[in-house]
Each structure stands twice: as C-alpha cells, then as structure tokens.
Amino acid sequence: MVVDPASFFRLDGKVALVTGGGAGIGQAIATGFAAFGADVAFCDLTEASLGDTKAAVEAQGRRALPMTGDTGNPDDIARMFEAIDSTFGRVDILVNNVGATKRHRPEEHPLDEWNQVLAIGVTGAMLCA
4 MVVDPASFFR LDGKVALVTG GGAGIGQAIA TGFAAFGADV AFCDLTEASL
54 GDTKAAVEAQ GRRALPMTGD TGNPDDIARM FEAIDSTFGR VDILVNNVGA
104 TKRHRPEEHP LDEWNQVLAI GVTGAMLCA
C-alpha cells in the first residue's frame with residue numbers, strides 16, 4: 004500500500020488563527036493551512052489587506068474569517084476572539100505572525116514607539132495565546 008506523505012499533515016477539521024495574515028508571510032501561512040484542510044481566521048490592521056487572503060483561503064474550499072484589528076490592543080484581541088468563537092467555536096492552531104518595527108538608533112528611539120513594538124509583538128502574542 005502506498006501512502007501519500009502529505010496525508011500525515013492534513014488539518015481537516017482544524018481552525019487556524021494567523022495574526023498579520025493580510026499579506027506576505029502571514030498570507031502564505033493562511034493559504035497553506037487552507038491547502039491542508041484547515042479553516043482560517045486571520046487579522047491585519049486594515050480591511051484593504053484582507054481580501055486577497057480571503058480569496059486564497061476560499062479557493063482551497065475552506066472557510067475564511069478576515070478581521071481587522073491591532074494585536075497591540077487588548078480590546079481588539081477580545082473582539083477578534085469573540086468573532087472566532089461565534090464562527091468556528093475554537094482555535095486549534097495559533098500563528099503569532101504579526102510584528103512591528105520602528106528603525107531608530109537605540110539612543111534616539113522614542114519610548115512610545117518602542118512600547119508600541121512591544122505591545123504588538125510581545126504583549127499581543129501573549130494575549131492571543
């Protein structure tokens with residue numbers, strides 16, 4: 004009997020959440036999960052960036068839940084998880100893909116920008132988990 008090795012990686016019946024899923028690496032991750040059978044929720048800062056990912060997930064025959072939100076904002080995270088719960092009922096896979104950078108020399112880095120980077124990349128990842 005020949006077994007397709009890809010069958011070991013099927014995600015049928017699973018629900019994935021990809022933060023920063025509107026473009027780039029996040030979009031590729033969301034599309035990859037859909038290709039292996041997962042339904043995918045994903046978020047990004049702007050609605051304009053979500054359409055292509057939604058189309059790519061749905062082209063794989065999977066359900067897509069595009070959401071706008073800032074993972075540095077606890078209220079946005081709570082709203083996103085409420086939408087996921089009402090649509091899918093759970094999250095099986097979390098990819099904290101979102102990140103922010105502000106390029107400054109350390110001694111010139113404004114503290115408010117540094118705190119925003121930490122809120123998005125560190126605090127947001129913890130709150131999503």
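In this note's numbering, the protein residues as written are 4 to 132. For every residue, glycine included, the Cβ atom is placed at its ideal position computed from N, Cα and C. The model shown is predicted, which means the values in this text are computed figures rather than measured ones.
In three-state DSSP terms, what is residue i?
| i | result |
| --- | --- |
| residue 11 | helix |
| residue 36 | helix |
| residue 41 | coil |
| residue 73 | coil |
| residue 26 | coil |
Here's the rule I'm using: 16 or more other beta-carbon atoms within 10 Å means buried, otherwise exposed. How should residue i be labelled?
| i | result |
| --- | --- |
| residue 22 | buried |
| residue 28 | exposed |
| residue 104 | exposed |
| residue 51 | exposed |
| residue 6 | exposed |
| residue 113 | exposed |
| residue 65 | buried |
| residue 70 | buried |
| residue 45 | buried |
| residue 56 | buried |
For the alpha helix (DSSP H) containing residue i, list its first residue and its last residue.
| i | result |
| --- | --- |
| residue 18 | No alpha helix (DSSP H) contains residue 18, which is instead part of the beta strand (DSSP E) from 18-22. |
| residue 56 | 54-62 |
Which runs of the beta strand (DSSP E) at least 3 residues long sit entirely within the region 84-131? Give them in chain order.
96-98
Quick check: the region 82-90 against the region 53-60, are there 3 or more CB pairs under 8 Å?
no
With contact counted as at least three CB pairs below 8 Å, one residue from each stretch, are the region 23-34 and the region 95-108 in contact?
yes
Between the region 68-76 and the region 118-127, can you find at least three pairs of beta-carbon atoms closer than 8 Å?
yes
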